[in-house]
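Chemist:
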Amino acid sequence: MAKKITDRSKDYSQWYLDVVREAELAEHSPVRGCMVVRPTGYALWENMKKELDRMFKETGHENAYFPLFIPKSFLSKEAQHVEGFAKECAVVTHSRLKSVEGGVEVDPESKLDEELIVRPTSETIIWDSYRNWIQSYRDLPILINQWANVVRWEMRTRLFLRTMEFLWQEGHTAHATREEAVEETERMLEVYRTFAEEYMAMPVITGVKSESERFAGAEETYCIEALMQDGKALQAGTSHFLGQNFAKAFDVKFQDQDGEHKYVWATSWGVSTRLIGGLIMTHSDDNGLVIPPRLAPTQIVVVPIYRSDEQKSAVLEYAEPIIESIREKGISIKLDDRDNFKPGWKFAEHEAKGIPLRIAIGPRDVENGNLELARRDTLEKSIVPSTGIAEYVDELLETIQKELFETAKDRMESRTRVANSYDEFREEIEKGGFIYAHWDGTPETEEKIKEETKATIRCIPLNSEPDPGECIVTGKRSERRVLFARAY
RNA sequence: CGGGGAGUAGCGCAGUCCGGUAGCGCAUUCGCUUUGGGAGCGAAGGGUCGCAGGUUCAAAUCCUGUCUCCCCGACCA
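Just so you know, we're using this note's numbering here: the first sequence kicks off at -17 and counts up by one.
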């Protein structure tokens, strides 16, 4: 049969769409810019959620849930914030329909007194609650996360990477001091970095955003930036230090130990289903999706091979204790005993779906006490004895996890360069990847670079040593190099 | 939101220029043969041609509107 996935070298965008379709992660819905997340895609998201949720709870956070709808007046309370989101808000204006000939129409009688905004993010509705929850320093900190959907009316969408409605988590915390809030912002950035690297096997650069890329209403936006296979950067997560902006907008004060009434300090942080897009574009190949073992809904699939019914029962009988021993290790393993597909077809299907390890067992293996192992990441096959297989695959899955990260990290590092002049920068940015260059720190220069090269400042990396130089555009003094790339 | 392309069976497409009542491959169902990298033969089922109007004796085909997707741009977490 013909290949169903376009080669990456031929058309990277089409390849991405093909992988999403063939791996059955998601599909387009009848609603523009919205997607249907299919069971396979949702299982992946559930695994991501599970680990992130655990990490949030380990760092002292609790889950809660706030409304989908936000009164319009709430959004206008914080000036920067409104400005940032005003152009992409869905607005609910009416509350009911009425039947008319041939269908239904909006009942003009049901117009709302105050329109409701479908949340693009929940700072405002949450801070309205926090005002009531916070009186004393003893009420602080408040460390809350919510798992929710949000809507941003995007002009141009791509499955997972940018959809009008997406799933995410948003953490919203309140603190007594600036230091505590900054510490929280950095702590959660580190949680994201750890998750990206240790679970998604996706190396990231941590840093802070330039003023123009900053979250609307934040004093500082920290981020993790990843590099995709095609050389474009992807913002994979953000953690914002909100200062006292929302506390002032919503009048949230507490009485401190010294008896003074003070505004609360805030943070917010989030990652979304966009991470799935990042996962796809970090590891997958021309055969389809590649999922790191720690996040794979199914880690191992077993494909039995047989001609006759006798062979089938012999193979299945042989496979059963093997599968059981692997399952006892806490590994997610599935037997694909469907009769209506041939082994070759199953191999291709499971590869497209990114299952990390495949075990094939046929009459030959039954006879010799072996089985065939195939790695999804390297496509390597090997014949191994079935004795001690559970320990073997347990280690192998960890090896795959590690090697996926190493491979991605090597690729990112090899595509990260330094440019010392604007000419060199223009030349290098064409080739894709991360470029470190000196920048004078002004939005004007950043804008000029963006207009002329389509590259943006992805971040000002954290923990980088001061390295004074001259801005590649203006020649003005620069304290350190910043990270540029073309981005999704 | 601007420019370009597309929407016909579950998926991929032909048919549209030149109007005559819909076809191919894969998938599905049944039968037989098959099964270590996307099986073969035979038979069967499945589509108000994105949707809504219009022109016409007759519309997938022509006209108008509209929705959705893809690429580029503008905008943007």
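For glycine and all other residues, C-beta sits at the position ideal for the given N, C-alpha and C.
1) For aspartate 0, name the three-state secondary structure that DSSP assigns.
2) What span of residues does the alpha helix (DSSP H) with alanine 53 cover, start to end?
3) Do glutamine 226 and tyrosine 245 have their C-beta atoms closer together than 7 angstroms?
4) Return the CA-CA distance between serine -5 and valine 132, expressed in angstroms with no decimal places.
5) Given this structure, state the Cα-to-Cα distance separating serine 314 from isoleucine 282, to the nearest angstrom.
6) Quick test of your reading: alanine 356 and alanine 183, contact by CB under 8 angstroms. State the CB separation rounded to the nearest angstrom.
7) On the three-state DSSP scale, how would you describe threonine 456?
8) Have a look at Gln239, Lys328 and Gly252 and flag the residue whose alpha-carbon is nearest the alpha-carbon of arginine 509.
9) Can you grab the Cα-Cα spacing for the pair leucine 298 / arginine 399, in whole Å?
10) Comparing alpha-carbon positions, which option in Glu310, Asp291 and Ala229 lies nearest arginine 113?
11) Buried or exposed: tryptophan 115, going by 16 or more other Cβ atoms within 10 Å of its Cβ?
12) Sorted by chain position, which residues of the same chain lie with C-beta nearer than 6 angstroms to arginine 468's C-beta, five sequence neighbours on each side aside?
13) Are the Cβ atoms of glutamate 105 and serine 221 separated by less than 7 angstroms?
14) Quick one: is valine 348 buried, meaning 16 or more other Cβ sit within 10 Å of its Cβ, or exposed?
15) Can you list the beta strand (DSSP E) stretches of 3 or more residues lying completely in the region 312 to 396, in chain order?
16) Determine which residues share a DSSP beta bridge with glutamine 128 and list them.
17) Thinking valine 253 and tryptophan 150 are a contact (beta carbons under 8 angstroms), I'd like their distance in whole angstroms, please.
18) Once DSSP output is grouped into helix, strand and coil, what is the label at proline 443?
19) Taking the C-alpha atoms as reference points, what is the distance between valine 164 and alanine 130?
20) Is the CB-CB distance between tyrosine 418 and arginine 462 below 7 angstroms?
21) Less than 7 angstroms between C-beta atoms, sequence neighbours within five positions excluded: which residues of the same chain meet that for asparagine 45?
22) Per DSSP, which one or two residues make a beta bridge with histidine 420?
23) Use the C-beta contact count for tyrosine 301: other C-beta atoms within 10 angstroms, 16 or more gives buried, fewer gives exposed.
24) Report yes if the C-beta distance between glycine 270 and valine 1 is below 7 angstroms; otherwise report no.
25) So is serine 92 buried or exposed if we call it buried at 16+ other beta carbons inside 10 Å?
Modeler: Let me lay it out:
1) Here residue 0 is taken as the residue at index 18 of the first sequence, counted from 1. If DSSP states are grouped into helix, strand and coil, aspartate 0 belongs with the helices.
2) Reading the first sequence from its first residue, position 71 is the one you call residue 53. In the sequence on display, residue 53 carries proline and not alanine. No alpha helix (DSSP H) holds proline 53; the beta strand (DSSP E) holding it covers 51 to 53.
3) Taking the first residue of the first sequence as 1, we reach residue 226 at position 244. Taking the first residue of the first sequence as 1, we reach residue 245 at position 263. Their beta carbons are under 7 angstroms apart, which means glutamine 226 touches tyrosine 245 by this criterion.
4) Sequence index remark: in the first sequence, residue -5 carries index 13 (1-based). Sequence index remark: in the first sequence, residue 132 carries index 150 (1-based). Approximately 25 angstroms, taken between the alpha carbons.
5) For the purposes of this step, residue 314 is taken as residue 332 along the first sequence, with counting starting at 1. For the purposes of this step, residue 282 is taken as residue 300 along the first sequence, with counting starting at 1. Looking at the two C-alpha atoms, the distance is approximately 6 angstroms.
6) Here residue 356 corresponds to residue number 374 of the first sequence, with the count starting at 1. Here residue 183 corresponds to residue number 201 of the first sequence, with the count starting at 1. With a Cβ gap of about 19 angstroms, alanine 356 and alanine 183 do not count as contacting.
7) Stepping through the first sequence from its first residue, residue 456 is reached at position 474. It is coil, neither helix nor strand.
8) The chain is shown only over -17 to 470; residue 509 falls outside these bounds and no answer can be derived.
9) Taking the first sequence and counting its residues from 1, one reaches residue 298 at position 316. Taking the first sequence and counting its residues from 1, one reaches residue 399 at position 417. Their Cα atoms are separated by approximately 53 angstroms.
10) Position 131 of the first sequence, counting from 1, holds the residue named residue 113. For arginine 113, the nearest C-alpha among the options comes from Ala229.
11) On the first sequence, residue 115 is found 133 positions in, with the first residue counted as 1. With fewer than 16 other Cβ atoms within 10 Å, it is exposed.
12) By one-based count along the first sequence, residue 468 stands at place 486. Once the five neighbours on either side are set aside, the close Cβ partners of arginine 468 are Lys214, Lys436 and Ala437.
13) Numbered from 1 along the first sequence, position 123 holds the residue referred to as residue 105. Numbered from 1 along the first sequence, position 239 holds the residue referred to as residue 221. No, these two residues do not count as a Cβ contact at 7 angstroms.
14) As a working mapping, residue 348 is identified with position 366 in the first sequence. With 16 or more Cβ atoms within 10 Å of its Cβ, valine 348 is classed as buried.
15) 315 to 317, 339 to 343, 352 to 357 and 363 to 367
16) For the purposes of this step, residue 128 is taken as the residue at position 146 of the first sequence. Paired residue(s): Glu152.
17) Along the first sequence, one-based indexing puts residue 253 at 271. Along the first sequence, one-based indexing puts residue 150 at 168. Approximately 6 angstroms separates the beta-carbon atoms of valine 253 and tryptophan 150; this is inside 8 angstroms, confirming the contact.
18) Looking up residue 443 in the first sequence gives position 461. In the structure shown, proline 443 sits in a strand (DSSP, three-state: E or B).
19) Locating residue 164 in the first sequence gives position 182, where the first residue counts as 1. Locating residue 130 in the first sequence gives position 148, where the first residue counts as 1. One C-alpha to the other measures close to 24 angstroms.
20) Residue 418 sits at position 436 when you count from the first residue of the first sequence. Residue 462 sits at position 480 when you count from the first residue of the first sequence. Not a contact, by the Cβ cut-off of 7 angstroms.
21) Taking the first sequence and counting its residues from 1, one reaches residue 45 at position 63. Excluding residues within five positions, the ones whose Cβ falls inside 7 angstroms are Asn127, Gln128 and Trp129.
22) Position 438 of the first sequence, counting from 1, holds the residue named residue 420. In DSSP, histidine 420 forms a bridge with Arg463.
23) Here residue 301 is taken as the residue at index 319 of the first sequence, counted from 1. For the sequence presented, residue 301 should be read as alanine rather than tyrosine. Alanine 301 comes out buried.
24) Along the first sequence, read from residue 1 onward, the residue named residue 270 stands at position 288. Along the first sequence, read from residue 1 onward, the residue named residue 1 stands at position 19. Contact: yes.
25) Along the first sequence, one-based indexing puts residue 92 at 110. Result: exposed.
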